[in-house]
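Heads up: the structure comes next, in structure tokens.
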Amino acid sequence: MTLSRRQLLAGGAVLVAGAGLASRPTVRRVLDVSVRRAETAVWRTGSTVAPPPSSVTIVVQPRRILRPISPLIYGVAHANPDQLIGLGARLNRWGGNPNTRYNWVNGTWNAARDWEFRNYGDDSGKSSPAGTATDRFVQGNQSVGADTVLTVPAIGWVSSNADKQVQSVGVPSSGGPPLTPGDDAIAGYNPAENQRRTSVPSLARKNAPFVDAPEGGDGPVYQDEWIHHLVERFGTADAGGVRYYVVDNEPDLWSSTHTDIHPVHMSYDQTLSTFLEYATAIKAVDPAARVAGPALSGWQAYFYSALDRGGDNFRTHADRQAHADVAFLPWWLDRVRRHDEQAGFRTLDTLDVHYYPQAANVFSAADDADTRGLRLRSTRSLWDPTYVDESWINDCVRLIPRLREWIDQFYPGTRLAIGEWNWGGEDSMSGGLAVADVLGIFGREGVDMANYWTVPPPESPAARAFALYRDFGDQAIATTLEASPDYITAYASCDSATGDVLLVAINKRWD
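Structure, rendered in structure tokens:
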């Protein structure tokens with residue numbers, strides 16, 4: 046098919062129905078600078094003549110199916126049911142920094158460095174597990190047919206109460222290595238007093254009979270008892286209950302985000318053992334649950350542990366050297382696989398990582414001409430072996446193929462989740478086009494789950510980008526086009542039930 050400049054809007058995107066099969070495909074939805082609603086246009090097909098400079102030829106190959114498209118790639122975080130309906134989102138994540146310290150028994154959190162290390166509570170005033178924030182979150186998701194991804198705290202401490210006047214004091218600006226192996230303290234700071242002041246212990250296993258709604262207090266909180274509560278309330282994972290769990294959030298940043306209670310940099314071995322302890326506890330209560338990890342914060346954490354920072358900002362990386370100089374994620378996958386083969390069951394169903402663009406101003410509200418171009422080029426870091434990331438990374442990221450290769454080599458059969466992502470500028474057109482591009486890439490490249498952080502504002506370009514994919518098919522099909530991916534991208538799908546072919550075409554040029 047040939048797309049004219051008028052039809053493929055400058056700085057815009059369209060969803061085309063019938064692309065590659067019908068002689069007169071039509072536009073179903075439009076995302077343009079004015080965020081207009083859907084309009085109809087006629088497209089030329091079957092031309093063998095080179096298009097004029099003002100048009101682009103896209104070849105859609107409906108019979109060349111690349112892979113299934115998971116509906117779970119259109120996920121968000123902390124959305125309410127109306128937002129899920131509006132976006133067509135099928136997956137909703139309960140996650141983020143405060144949820145590392147969420148106390149399921151009394152419905153309270155600690156905000157960590159995000160807000161002065163203060164405790165706070167569930168606005169509903171609920172003080173028992175039944176009806177607190179997580180239960181309402183799961184209920185809301187179920188009411189609109191969305192799956193839940195629930196973060197299970199694994200840091201060892203959770204909030205003790207909802208009193209916002211309770212906060213940690215004297216917290217250093219950053220963490221460091223332990224004074225001695227296995228110690229909780231670092232040079233100049235012992236977290237014991239702030240642990241006592243703000244928190245109660247949180248353990249993976251109770252090793253005693255469960256109580257569905259235990260009384261809050263100074264005693265430990267047990268995470269396997271929380272899974273039991275959720276199963277009692279909503280059913281097992283294979284019977285309509287919570288299906289997806291993630292073992293905590295960004296453990297590589299615990300020493301900087303949750304410095305008050307966990308100032309020690311996490312090592313290779315600690316990150317592995319923590320995941321295995323909590324994942325095993327989850328599976329013991331609900332064997333059908335699908336567990337994800339390690340929920341790393343980004344690029345550097347894929348290759349090094351937090352302990353590798355040392356005193357020279359990762360140059361020596363002594364922890365990695367002590368593990369045969371193998372990059373962290375491949376090492377971690379291999380060790381989890383070895384454990385699971387010996388145990389006879391999977392603790393890890395899904396490899397979960399977070400990813401944000403690192404180039405200057407991209408993950409921000411900026412929308413000047415330079416940032417627009419950089420934002421729309423930088424999506425190539427998700428897949429393109431020829432693209433060198435225009436940031437401090439200064440390397441070829443090719444994120445999704447790289448992660449899939451690691452999975453295939455070190456733990457075959459593991460699914461892939463981009464558990465947290467955002468490309469900035471969600472209220473601007475460049476941000477909306479970036480979202481449309483990223484969602485298309487996720488489907489084409491074979492991501493199994495993904496969650497935008499958090500929810501695009503209603504009617505924003507980012508929200509409109511999600512809407513472009515609301516009726517997208519469940520099979521990715523091949524497309525080729527005569528244009529640089531810096532200018533034009535296109536993603537095609539087929540509906541396996543109806544045979545309908547849909548194409549999302551994105552014009553990244555404003556001129």
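Positions 46 to 556 (this note's numbering) are the ones given, in order, by the sequence shown.
For every residue, glycine included, the Cβ atom is placed at its ideal position computed from N, Cα and C.
Own chain, CB closer than 6 angstroms to residue 199, minus 5 neighbours either side, in chain order:
Excluding residues within five positions, the ones whose Cβ falls inside 6 angstroms are 292, 293, 319 and 323.
Within a Cβ cutoff of 6 angstroms, which residues of the same chain sit near residue 342, ignoring the five residues on either side of it in sequence?
295, 297, 298 and 399
Can you look up residue 164 in the DSSP assignment and give me helix, strand or coil?
Residue 164 falls in the strand class under three-state DSSP.
Residue 164 beta carbon less than 9 angstroms from that of residue 149:
no
Let me make sure I understand the geometry here. Which of 137, 266 and 422 has the alpha-carbon closest to that of residue 402?
Here the closest residue by C-alpha is 422.
With a floor of 4 residues, list each alpha helix (DSSP H) that falls wholly inside the region 359–429, ordered by position along the chain.
363–366, 373–388 and 414–423
Measuring CB to CB, does residue 138 end up less than 9 angstroms from residue 116?
The answer is no: Cβ separation not under 9 angstroms.
Report all residues from its chain with a CB closer than 6 angstroms to the CB of residue 230; omit the five preceding and five following residues, and keep chain order.
224
Burial state of residue 219, where buried means 16 or more other Cβ atoms lie within 10 Å
Classification of residue 219: exposed, given that the 10 Å Cβ count is below 16.
Rounded Cβ spacing between residue 308 and residue 234 (contact assumed at less than 8 angstroms):
Taking the Cβ atoms as the reference, residue 308 lies roughly 6 angstroms from residue 234, within the contact range of under 8 angstroms.
With a Cβ-Cβ cutoff of 9 angstroms, do residue 311 and residue 247 count as a contact?
no
Please report the straight-line C-alpha distance between residue 269 and residue 286, rounded to a whole angstrom.
15 angstroms
Separation of residue 185 from residue 326, as counted between CA atoms:
26 angstroms
So for residue 92, helix, strand or coil by DSSP?
Residue confidence is low: residue 92 scores 28 on pLDDT, short of 50, so the model does not pin down where it sits. Its coordinate-derived value is still stated next. Residue 92 falls in the coil class under three-state DSSP.
Looking at the strands, I want to know which residues DSSP matches up with residue 466.
400 and 497
7 angstroms Cβ shell around residue 438 - same chain, five flanking residues per side excluded
344 and 403
Collapsed DSSP secondary structure at residue 97 in the structure displayed:
Its pLDDT being 37, under 50, residue 97 is placed unreliably by the model, and nothing is read from it.
For residue 313 and residue 121, I'd like the C-alpha separation in whole angstroms.
Going from the Cα of residue 313 to the Cα of residue 121 covers about 29 angstroms.
In angstroms with no decimal places, state the Cα-to-Cα distance between residue 190 and residue 126.
9 angstroms
Apart from the five residues just before and just after residue 256, which ones in its own chain have a Cβ nearer than 8 angstroms to its Cβ?
270
Length-filtered (3 minimum) beta strand (DSSP E) runs lying within the region 231–315:
244–248 and 289–292
Since residue 424 and residue 463 are thought to touch, with beta carbons under 8 angstroms apart, how far apart are those beta carbons, to the nearest angstrom?
The pair is not a contact, with the Cβ atoms about 12 angstroms apart (cut-off 8 angstroms).
Taking the continuous alpha helix (DSSP H) assigned at residue 178, which residues delimit it?
Segment 178–188, the alpha helix (DSSP H) holding residue 178.
My understanding is that residue 132 touches residue 508, with C-beta atoms under 8 angstroms, so please give their C-beta distance in whole angstroms.
6 angstroms
Hey, residue 335 and residue 267 are a contact pair by Cβ (cut 8 angstroms); roughly how many whole angstroms apart?
Residue 335 to residue 267, Cβ: 21 angstroms. No contact.
Using DSSP's beta-bridge definition, name the partner residues of residue 113.
520
Does residue 472 come out as helix, strand or coil in the three-state DSSP assignment?
coil
Through-space distance from residue 60 to residue 83, alpha-carbon basis:
Confidence is the limiting factor: at residue 83 the pLDDT is only 29, short of 50, which leaves the residue's position unreliable, though a coordinate-based value still follows. Those two C-alpha atoms are separated by around 9 angstroms.
Can you look up residue 449 in the DSSP assignment and give me helix, strand or coil?
It is helical.
Give me, in chain order, the residues of the same chain whose beta-carbon lies closer than 7 angstroms to that of residue 489; leave out the 5 immediate sequence neighbours on both sides.
So the qualifying residues of the chain are 111, 521 and 536.
Per DSSP, residue 551 is paired with what?
According to DSSP, which records beta bridges pairwise, residue 551 is partnered with 58 and 534.
What is the C-beta distance between residue 477 and residue 420, in whole angstroms, given that I count them as a contact (C-beta under 8 angstroms)?
In fact, because the Cβ distance is near 10 angstroms, the residues do not count as touching under 8 angstroms.
Mind checking residue 539: buried by the 16 CB within 10 Å criterion, or exposed?
buried
Do residue 331 and residue 281 have their C-beta atoms closer together than 9 angstroms?
In this structure, residue 281 lies closer than 9 angstroms to residue 331 by Cβ.
Other residues of its chain near residue 543: CB distance less than 6 angstroms, five sequence neighbours each side excluded:
none
Apply the 10 Å Cβ neighbour rule to residue 546 and answer buried if 16 or more other Cβ atoms are within range, or exposed otherwise.
buried
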